[in-house]
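To start, the structure under review is shown below, and the notes come after it.
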Amino acid sequence: MPVQIRGMVLALLIVGIRPAISADPEYVIQIKNHQFIPAELRIPAGEKVQIVVDNQDDTPEEFESYSLNREKHVPPKSQITLFIGPLAAGRYVYQGEDRTDGVTALGVIEAR
Amino acid sequence: MGRATGHALLGMALLLGTERALAVNAGDYLFTPTVTQGEREIDLYGGTGSSGDKTRAESNAGLGFGYGVTQHWFTELDIAYRWQSPVGTGLDAFEWENIIQIGESGQWPVDIGMLCNVEKPYEASRNSPKTEGSSIRFGPLLQKDIGKVEVNFNLLVTHFFQSSEFSSTQFGYQSQIKYRYSPPLEVGIQAFGRFSSGGQAWAPYPQQVIRVGPVVLGRLRLPQERSLAYNVGFLMGTTQHSPDQTLRMQVEYEF
Numbered sequence: 001m002p003v004q005i006r007g008m009v010l011a012l013l014i015v016g017i018r019p020a021i022s023a024d025p026e027y028v029i030q031i032k033n034h035q036f037i038p039a040e041l042r043i044p045a046g047e048k049v050q051i052v053v054d055n056q057d058d059t060p061e062e063f064e065s066y067s068l069n070r071e072k073h074v075p076p077k078s079q080i081t082l083f084i085g086p087l088a089a090g091r092y093v094y095q096g097e098d099r100t101d102g103v104t105a106l107g108v109i110e111a112r
Numbered sequence: 113m114g115r116a117t118g119h120a121l122l123g124m125a126l127l128l129g130t131e132r133a134l135a136v137n138a139g140d141y142l143f144t145p146t147v148t149q150g151e152r153e154i155d156l157y158g159g160t161g162s163s164g165d166k167t168r169a170e171s172n173a174g175l176g177f178g179y180g181v182t183q184h185w186f187t188e189l190d191i192a193y194r195w196q197s198p199v200g201t202g203l204d205a206f207e208w209e210n211i212i213q214i215g216e217s218g219q220w221p222v223d224i225g226m227l228c229n230v231e232k233p234y235e236a237s238r239n240s241p242k243t244e245g246s247s248i249r250f251g252p253l254l255q256k257d258i259g260k261v262e263v264n265f266n267l268l269v270t271h272f273f274q275s276s277e278f279s280s281t282q283f284g285y286q287s288q289i290k291y292r293y294s295p296p297l298e299v300g301i302q303a304f305g306r307f308s309s310g311g312q313a314w315a316p317y318p319q320q321v322i323r324v325g326p327v328v329l330g331r332l333r334l335p336q337e338r339s340l341a342y343n344v345g346f347l348m349g350t351t352q353h354s355p356d357q358t359l360r361m362q363v364e365y366e367f
């Protein structure tokens, strides 16, 4: 019986959490050839959003932004999910990993 | 009574008076719940605390190597040194720190992590003031961004496995509020507290340890994805069992 109760509680938690996760609008930023695509992403101001960063390169990358207070490693051929906002209207710069060849991916999220 | 004898008796009285007082680590630093995978860091930290009404002067320092093993697990091995009057300087303990980030930053209204820190005192020295034995410290690490202000609060439980002198379970907290002005310069207020004292897990307020004060923080970017993060705090004790003043610092070389 305790096992069944635990199972029910777990199921309720999963059901309860799922809508909260999926309710956030989702955007995708791809990394290809060490560049963010799109380099500029518009999101609604005052709203929390979910951003999937999809690294299609064979090398690790990073999503780093002081203004967004986020620093996340993106392994090669992998995706990570970021939760951003709600943001005040404005432009928020982010960048990829500092590479030895001097090519560092740059991007902007514009909240409006 | 001779002057030297008087000093000796005074010293004994001070020692006896503080016999049941727990040590206050001047090198305490704030744990944060966020983890960066692949990040390696050399962590140098320390502090010096003056004596208080019922606390002896003590200095602590530590050196650690940490690594972000996964997106949600950071681990660090530390070696800690301690100087305490009248014992002197010595190797104090080995520590294994683990931070588990739960969920993603911003996913919930408050970012959550869990700390699990195992400490084994170095017992080879007979002069070691450690009597608590091995311990585990754990608890939730909470963080909230409000615009450019970041607020942290950690509630930490420490359990001593071989404690004979002190309460085997102790409760404490860490807190910080900081303004993220720019990467190399942030300012804030830190607080480190312990609800427990001597044989009581929840001691009356005057017997608790409470240290509060300003902190300056920052991170300097270095070439090739390296950085140097620092924070320096000056804490003032607000109870008899707290050091009157503590100067603490931490430098992390991340690569």
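The listed protein sequences correspond, in order, to chains A and B. Just so you know, we're using the working numbering here: the first sequence kicks off at 1 and counts up by one. Just so you know, we're using the working numbering here: the second sequence kicks off at 113 and counts up by one. Ideal placement from N, C-alpha and C gives every residue a C-beta, glycine not left out. For clarity, every value in this text was computed on a predicted model and none was experimentally measured.
Between the alpha carbons of Leu82/A and Gly215/B lies a distance of about 10 Å. Rounded to the nearest angstrom, the gap between the Cα atoms of Ser197/B and Pro316/B is 26 Å. Residue environment: Ser294/B is assigned as exposed (fewer than 16 neighbouring CB atoms within 10 Å of its CB, all protein chains considered).
Within chain A, His73 have C-beta atoms less than 7 Å from the C-beta of Gln149/B, given in sequence order. The continuous beta strand (DSSP E) containing Ala303/B extends over residues Leu297 to Arg306. DSSP lists no beta-bridge partner residue for Phe273/B.
By the neighbour-count definition (other C-beta atoms within 10 Å, threshold 16), Asp140/B is a buried residue.
Distance from the CA of Ser162/B to the CA of Glu47/A, rounded to the nearest whole angstrom, comes to 48 Å.
Taking the CA atoms as reference points, Lys32/A sits about 6 Å from Gln56/A.
Note that the C-beta distance between Gly345/B and Gly325/B is below 8 Å. Along the stretch 25-55 of chain A, going in chain order, the ones with a CB nearer than 8 Å to a CB of chain B are Lys48. Nearest neighbour of Pro252/B by Cα position, chosen from Glu337/B, Ile301/B and Leu268/B, turns out to be Leu268/B. Chain-ordered, the chain B residues with CB closer than 8 Å to the CB of Glu97/A read Glu337.
One finds Arg292, Ser294, Pro295 and Arg331 in chain B with Cβ atoms closer than 9 Å to the Cβ of Tyr66/A, taken in chain order. DSSP, reduced to helix, strand and coil, places Gln319/B within a helical segment of the structure shown. In the DSSP annotation of this structure, Phe367/B is not part of any beta strand (DSSP E), being labelled neither H nor E. When Arg99/A, Ile109/A and Ala111/A are compared, the shortest CA-CA separation from Pro335/B is found for Arg99/A. According to the DSSP assignment, Leu254/B belongs to the beta strand (DSSP E) that extends over Ser247 to Ile258.
Put simply, the stretch 147-154 of chain B does not touch the stretch 85-101 of chain A. Fewer than three CB pairs are less than 8 Å apart. Scanning chain A for C-beta atoms nearer than 9 Å to the C-beta of Glu153/B yields nothing, as the closest lies near 13 Å away.
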